[in-house]
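Numbering (the working numbering), first residue to last: 2 to 204.
Even for Gly, the Cβ is constructed at its ideal location relative to N, Cα and C.
As C-alpha cells, the structure follows; a few thoughts come after it.
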Amino acid sequence: MFDAKLRPLIDPPLNRLGAWLAGKGATANVVTAVGLAIGLSGAVAIAFSHYTLGLVLIALNRLTDGLDGAVARANGPSDLGGYFDIVADFAFYVSIPLAFGIADPAHTIPALILVAAFVLTGTSFLAYAAIAAKRGEETAAHGSKSFFYSTGLAEGTETILFFIAMTLFPAWFAVLAYVFAALCVLTVVQRSLLAQAQFTNRA
Numbered sequence: 002m003f004d005a006k007l008r009p010l011i012d013p014p015l016n017r018l019g020a021w022l023a024g025k026g027a028t029a030n031v032v033t034a035v036g037l038a039i040g041l042s043g044a045v046a047i048a049f050s051h052y053t054l055g056l057v058l059i060a061l062n063r064l065t066d067g068l069d070g071a072v073a074r075a076n077g078p079s080d081l082g083g084y085f086d087i088v089a090d091f092a093f094y095v096s097i098p099l100a101f102g103i104a105d106p107a108h109t110i111p112a113l114i115l116v117a118a119f120v121l122t123g124t125s126f127l128a129y130a131a132i133a134a135k136r137g138e139e140t141a142a143h144g145s146k147s148f149f150y151s152t153g154l155a156e157g158t159e160t161i162l163f164f165i166a167m168t169l170f171p172a173w174f175a176v177l178a179y180v181f182a183a184l185c186v187l188t189v190v191q192r193s194l195l196a197q198a199q200f201t202n203r204a
C-alpha cells in the first residue's frame with residue numbers, strides 16, 4: 002500500500018549507493034545473496050529469542066533488498082537477477098514467522114497461519130505478474146522492476162512494519178500475526194477483483 006509512495010524518497014539515496022557499489026565491482030546477485038543470508042540469520046536469532054538482534058538483521062536485510070535493485074539499475078538489470086530477488090524475498094518473509102513459532106511453541110499456529118497467508122499472497126502476486134506480462138502490460142508505480150508489480154494492501158513496507166512490531170513486542174506476536182494474515186487475505190481479494198476487471202477480455 003505504501004511502497005509506491007515511498008519510492009521517490011528512498012530511490013535517490015539507494016541509487017547513489019548502488020552506483021558506488023557497482024563501481025567497486027559488486028553485482029546485484031551477490032548483494033541479493035548477502036541480504037538473504039542476513040535475513041535468514043535474523044530468523045535464527047529470533048528462533049533463539051534474540052529479538053533485538055533479529056530486529057537489526059531484519060533492517061539490514063531490507064537495506065540490502067533495496068540495494069540489489071540499485072546495483073542492478075547501475076549495472077543493467079537481468080531476468081535472472083529479478084528471479085533471485087523475488088525468491089530471496091519470499092524465503093525471508095516466511096522465515097520470520099516460522100522463527101517466532103520455533104521460539105515459542107504457543108505461537109506455532111499463528112505462525113503457520115501467517116506463512117499460509119504469505120503463500121497465498123505470493124501466489125496471487127506472481128500469477129497476476131505472469132498474466133500481465135503475457136498481455137504486455139507495464140507499470141512504473143514501484144520503480145523499474147523485472148516484472149509487473151501489482152499494488153495491494155499488504156506489500157513490502159507493511160510486512161516490515163509488522164516484523165518490526167513483532168520483534169519489539171514478541172508477546173503480541175499472535176495478535177499481530179492474525180491481523181497481518183487478515184490483511185494478506187484482503188490483498189488477495191483486492192488483487193483478484195483487479196484481475197477480474199483487467200483480465201476479463203482477452204488481450
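Cβ-Cβ distance between residue i and residue j below 9 Å
| i | j | result |
| --- | --- | --- |
| Gly67 | Thr33 | no |
| Gly43 | Leu54 | yes |
| Leu99 | Cys185 | no |
| Ser125 | Ser50 | no |
| Tyr179 | Ile114 | yes |
| Phe174 | Asp105 | yes |
| Gly19 | Val72 | yes |
| Thr30 | Phe93 | A small fix is needed here, since residue 30 is Asn in this sequence, not Thr. Against a cut-off of 9 Å, the Cβ pair of Phe93 and Asn30 comes out as no contact. |
| Ile59 | Ile97 | yes |
| Ala154 | Met167 | The sequence given here places Leu at residue 154; Ala does not occur at that position. Contact: no. |
Range of the contiguous alpha helix (DSSP H) that encloses residue i
| i | result |
| --- | --- |
| Thr158 | Gly157 to Leu169 |
| Asp80 | Asp80 to Ala104 |
| Lys135 | Thr109 to Lys135 |
| Leu187 | Phe174 to Phe200 |
Beta-carbon contacts of residue i that lie in its chain and below 8 Å, excluding the five residues immediately before and after
| i | result |
| --- | --- |
| Phe3 | Because Phe3 carries a pLDDT of 47, less than 50, the predicted location of this residue cannot be relied on, and the following value inherits that uncertainty. Only Glu156, Thr158 and Glu159 meet the Cβ criterion. |
| Leu127 | Ile87 |
Residues near residue i in its chain [Cβ-Cβ closer than 6 Å; skip 5 each side]
| i | result |
| --- | --- |
| Pro171 | Tyr52 |
| Leu41 | Ser96 |
Same chain, Cβ closer than 7 Å to residue i, five either side skipped, listed in chain order
| i | result |
| --- | --- |
| Gly123 | Phe91 |
- [ ] Let me know the beta strand (DSSP E) ranges lying completely inside the segment 32 to 75, each 3 residues or longer, listed in chain order.
- [x] Taking 3 residues as the minimum length, the segment 32 to 75 contains no beta strand (DSSP E) run wholly inside it.
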